[in-house]
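There are 2 protein chains.
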Amino acid sequence: MTARYIGTLTPVSKALELLAEKTAPVREAYRVPLRDAAWSVLAEDIHAPHDWPPRHKSAYDGYAVRSSDTPGRLRLVGEALIGESDVGFSIGPGEAAYVTTGAYLPEGADAVVPEERVRVENGYVIVDYHVEKYKNIDPAGSMVRKGQLLARRGQLLSSLDVAALYEVAVTEATVYRRVRTAIISTGNELILPGDPLWTREMILSGKVVATTGGLISWFISDYLPWVEVAEEILLPDERESVAWWIKRLLPHVDLILLTGGTGPSNIDLFYQLQEELGGEIVFRGLYVKGGRPTSAYIAEGKPVIGLSGYPLSALHGFIRLVYPYLRYLGNVARGAPPVPLVKARLTEAIGKGRPRPIKVRVEVGEEGYLATPLQSTYQLSSANVGLVYADGIAFVSDREYGPGDVVDVLLIRDPRGYRPPMP
Amino acid sequence: MTARYIGTLTPVSKALELLAEKTAPVREAYRVPLRDAAWSVLAEDIHAPHDWPPRHKSAYDGYAVRSSDTPGRLRLVGEALIGESDVGFSIGPGEAAYVTTGAYLPEGADAVVPEERVRVENGYVIVDYHVEKYKNIDPAGSMVRKGQLLARRGQLLSSLDVAALYEVAVTEATVYRRVRTAIISTGNELILPGDPLWTREMILSGKVVATTGGLISWFISDYLPWVEVAEEILLPDERESVAWWIKRLLPHVDLILLTGGTGPSNIDLFYQLQEELGGEIVFRGLYVKGGRPTSAYIAEGKPVIGLSGYPLSALHGFIRLVYPYLRYLGNVARGAPPVPLVKARLTEAIGKGRPRPIKVRVEVGEEGYLATPLQSTYQLSSANVGLVYADGIAFVSDREYGPGDVVDVLLIRDPRGYRPPMP
Chain A
1 MTARYIGTLT PVSKALELLA EKTAPVREAY RVPLRDAAWS VLAEDIHAPH DWPPRHKSAY
61 DGYAVRSSDT PGRLRLVGEA LIGESDVGFS IGPGEAAYVT TGAYLPEGAD AVVPEERVRV
121 ENGYVIVDYH VEKYKNIDPA GSMVRKGQLL ARRGQLLSSL DVAALYEVAV TEATVYRRVR
181 TAIISTGNEL ILPGDPLWTR EMILSGKVVA TTGGLISWFI SDYLPWVEVA EEILLPDERE
241 SVAWWIKRLL PHVDLILLTG GTGPSNIDLF YQLQEELGGE IVFRGLYVKG GRPTSAYIAE
301 GKPVIGLSGY PLSALHGFIR LVYPYLRYLG NVARGAPPVP LVKARLTEAI GKGRPRPIKV
361 RVEVGEEGYL ATPLQSTYQL SSANVGLVYA DGIAFVSDRE YGPGDVVDVL LIRDPRGYRP
421 PMP
Chain B
1001 MTARYIGTLT PVSKALELLA EKTAPVREAY RVPLRDAAWS VLAEDIHAPH DWPPRHKSAY
1061 DGYAVRSSDT PGRLRLVGEA LIGESDVGFS IGPGEAAYVT TGAYLPEGAD AVVPEERVRV
1121 ENGYVIVDYH VEKYKNIDPA GSMVRKGQLL ARRGQLLSSL DVAALYEVAV TEATVYRRVR
1181 TAIISTGNEL ILPGDPLWTR EMILSGKVVA TTGGLISWFI SDYLPWVEVA EEILLPDERE
1241 SVAWWIKRLL PHVDLILLTG GTGPSNIDLF YQLQEELGGE IVFRGLYVKG GRPTSAYIAE
1301 GKPVIGLSGY PLSALHGFIR LVYPYLRYLG NVARGAPPVP LVKARLTEAI GKGRPRPIKV
1361 RVEVGEEGYL ATPLQSTYQL SSANVGLVYA DGIAFVSDRE YGPGDVVDVL LIRDPRGYRP
1421 PMP
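So the sequence lines, in the order shown, correspond to chains A and B.
Just so we're aligned, residue 1 is where the first sequence starts under our numbering, counting upward by one.
Just so we're aligned, residue 1001 is where the second sequence starts under our numbering, counting upward by one.
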């Protein structure tokens, strides 16, 4: 038995290019109220529908005045609170009105005096200095001009974007539907974790808790809000049942991820499925270490990507290949939430090898992050236990690294705080 | 009307200290199956329950052999797949067995030859080189020794930690219950966003879409998995209804966050509530700009923290004060997911002022992040629209900054990718 189905290992950039050639990004888009557009990708440019603010707005709690009246003793004629549009009075010469932050100024007023800068006596406000025109207000049109470009097609709208756009009366948006994925984990050795004692017995007898699918699912839900995991399924290494599921899922999703079933020994299953489904191979094996069996084919126009069954190797293949591919499928040009990939300086050398994940401890130095590779025991590809000692995963390329060289590190936790001593 | 309830502004570190003096972290802890411990905080140290692996495990797909037999022509006596414990045979002199990655080696074997390094003929494996003892295997006890410290009290367990711990037969954990919070937004001007046309009319007439509570809730769900938002409520600026809700919530949560009702003009409501609830003031007003009204009191032993009603000011107060306080309440010593707070070099000067949030555009330079403050129009405290042009929020302290100085920036999106031109 040999790893006969793995061909020439394909570099990640080439694999991505091939996938993009053979598949198209999501095209369906919907017009939705803005609140429902949060964490979706814009399918249109958004321009300001109005000058903003449409009228002068107060930037402070205080008194709306005519600047030319100051300094002076001004008669209080009313108040204008945030949320009110038409207060039914205007500010004439020698008059003032109480206003709250964000309130429209009554007609006539062109400045605000903060409440802590005045005295109030018998219905009069005493302002003892000259207040400049437009002082302490947001003048009409000062923030945004009608027609101004606010956001572009391809931008993932965050909660903050939604708050900002609502402020200037943008209330709907056209967004792409989310990319739909399914994750199928296969492996006769896999168990669902349950009762702790039973689970421990199972593990000691050689069984493995199915965690890889859940890990990919967690990464998607935390960092890829434009992607939806429609199904997450655990199946035995049986061609028939996996094929049955893939056929049912293909019409409903944009991408199927298979974890397990791509190790050299069971790569067979992945390609047996490809033959059964009449799939077109995109690439066989990725030029990386830890994720090498990552492979892809197209069946019924949809990509099926096989990832390793090992958590860290699967995550490596996912972040290197599937993450950018999902940006492509989802039309994401800007605004994805920042994946915690940081630059860190190595404290020790790392030898040559294929691009691979290296578990590292991370410290925050004066100049930025410092990464120290874990002892080699914890670097074995089949050992994930080192993760509990690691703060991050360095993604190194195939060159040699010396101390002081900079690498990309995926922080898996905040590196501030204590670290348990390495045994 | 003056901001009479704001006293001497308290620096953040002092405010935190006062809160910690008057309140205790969560003490309740539960023993749960490990799968249910993901994203909870450990209430105990975890030690390895067994040597790991408990027996030699294969690190490759290949052939289990006695190293002393190599090179040689070895008789195949069976196979051992991952997930199998007792294969019913052992490896005697001159024998070998097929094994998959992660499988326990049959008794007698002490090394593995990868399948691509052998020839197989008529039930025999031909190994043409000497294989060293323990080559391509994870020897018994090589990864972890029984009793070894794996994780400590105060560690937030991630999905990766759970995968790693299950691997070595840790199957349960004692974790603290999550910190429970409630978020109450108050403001007569606030509306829930709905039908886009109606919402736009409301905004133009001065109403404001309630987004601040949702923003805090989003931040918690994305970055503070040890915290649960038990309730998120919108109420008018009416003392009675807010007091009614606070009284109902206090017995059930560890912390109440009030947004709005703390601006200088309506700070009254916050303190009227404090008086009605017999609350003990912790601090009145924070030494920051953008979040200044942030205040706190203790009622029935529980903290009630008032945040600004403005999204960005509320987020500022939250990240500076509430985020570290929630780490304290939740017993988090290590392992919180990395909030995307990065170090960035300023490309322009920033003048003196109170600690405050500054909207910035962020670029990725050779040496790290570069932050450029947005034009002042977009920095007004009541304007959030600038956020759509920003990639991050710089948290500056009260000193002066020159170009090249380093500031902390909360990335609000991945700064890679296009940025819309500033108007």
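Even for Gly, the Cβ is constructed at its ideal location relative to N, Cα and C.
If you reduce the DSSP assignment to three classes, tell me which class residue i lands in.
i: A1033(B); result: A quick correction: the sequence has Pro, not Ala, at residue 1033(B). It is a strand residue.
i: S456(A); result: Residue 456(A) lies beyond the range of chain A shown here (1 to 423); nothing can be said about it.
i: A1043(B); result: coil
i: Y389(A); result: coil
i: T10(A); result: strand
i: E276(A); result: helix
i: Y1325(B); result: helix
i: L204(A); result: helix
i: A24(A); result: coil
Which residues in chain A have a C-beta closer than 7 Å to the C-beta of residue i? List them in chain order.
i: T1211(B); result: V162, A163, Y166
i: E1232(B); result: Here the premise fails: no neighbours, minimum Cβ distance about 13 Å.
i: N1188(B); result: G83
i: V1144(B); result: V385
Who are the near neighbours of residue i in its chain, counting only those whose CB is closer than 6 Å to its CB and skipping five residues on each side?
i: A394(A); result: I358, V360, A371, V407, V409
i: E28(A); result: R177
i: R1180(B); result: E1228, A1230, V1253, D1254
Can you pull the chain B neighbours of residue i, defined as C-beta to C-beta under 7 Å?
i: R200(A); result: A1169, T1171
i: P106(A); result: What P106(A) touches in chain B: nothing, since even the nearest Cβ is about 12 Å away.
i: R35(A); result: P1193
i: V65(A); result: Near V65(A) there are no residues of chain B at all, since even the closest Cβ is about 16 Å away, more than 7 Å.
Is residue i a contact residue of the ligand FMN, with contact defined as CB to any heavy atom under 7 Å?
i: R1361(B); result: The model depicted lacks the ligand FMN and carries no ligand whatsoever.
Chain B beta carbons: is any one of them nearer than 8 Å to that of residue i?
i: P264(A); result: Any reading at P264(A) is ruled out, since the residue's pLDDT is 49, under 50, leaving its predicted position unreliable.
i: T2(A); result: Note on T2(A): pLDDT 38, under 50, position unreliable in the model; no value is reported.
i: I246(A); result: no
i: W52(A); result: yes
i: S205(A); result: yes
i: W226(A); result: no
i: A151(A); result: yes
i: N122(A); result: no
i: S85(A); result: yes
i: P236(A); result: no
So which residues on chain A does residue i lean against when the C-beta distance must stay under 9 Å?
i: Q1335(B); result: A quick correction: the sequence has Gly, not Gln, at residue 1335(B). Under the 9 Å cutoff, chain A gives D391, I412, R413, D414, G417.
i: G1424(B); result: Residue 1424(B) falls outside the range modelled here, since chain B spans only 1001 to 1423, and no answer is possible.
i: V1208(B); result: I82, G83, G102, Y166, E167
So, at 8 Å on beta carbons, what are the nonlocal neighbours of residue i in its own chain, with the 5 sequence-adjacent residues on each side left out?
i: S241(A); result: L235
i: R153(A); result: L42, A43, E44, D45, N331, A333
i: V170(A); result: L34, I46, A48, P49, L150
By Cβ distance below 7 Å, which residues in the same chain neighbour residue i in space, the five residues on each side in sequence not counted?
i: L1273(B); result: R1239, V1242, A1243, I1246
i: L1009(B); result: G1285, L1286, Y1287, R1292
i: P1071(B); result: V1127, D1128, Y1129, H1130
i: V342(A); result: Y369, V409, L411
Are there 16 or more other CB atoms within 10 angstroms of the CB of residue i, so buried, or fewer, so exposed?
i: E1121(B); result: exposed
i: L1307(B); result: buried
i: E132(A); result: exposed
i: W1198(B); result: exposed
i: D1086(B); result: exposed
i: P264(A); result: At P264(A), the pLDDT of 49 sits below 50, so the modelled position is not reliable; the number obtained from the coordinates is stated separately. Its Cβ being crowded by 16 or more others within 10 Å, P264(A) is buried.
i: R1119(B); result: exposed
i: L156(A); result: buried
i: D414(A); result: buried
Strictly below 8 Å CB to CB, what residues from chain A border residue i?
i: G1290(B); result: The premise fails here: G1290(B) is roughly 12 Å from chain A at the closest Cβ pair, so nothing lies under 8 Å.
i: I1358(B); result: Neighbours of I1358(B) on chain A: none; closest Cβ ~15 Å, over 8 Å.
i: L1387(B); result: L160, D161, A163, A164
i: G1368(B); result: K343, G368
i: P1196(B); result: P33, L34, T171, E172
Does residue i have its Cβ less than 8 Å from a Cβ in chain A?
i: K1343(B); result: yes
i: N1331(B); result: no
i: N1438(B); result: No statement about residue 1438(B) is possible, as the shown extent of chain B runs from 1001 to 1423 and does not include it.
i: P1340(B); result: yes
For a contact defined as C-beta to C-beta under 9 Å, what are the partners of residue i on chain B?
i: S185(A); result: Neighbours of S185(A) on chain B: none; closest Cβ ~12 Å, over 9 Å.
i: P311(A); result: S1159, L1160, A1163, A1164, E1167
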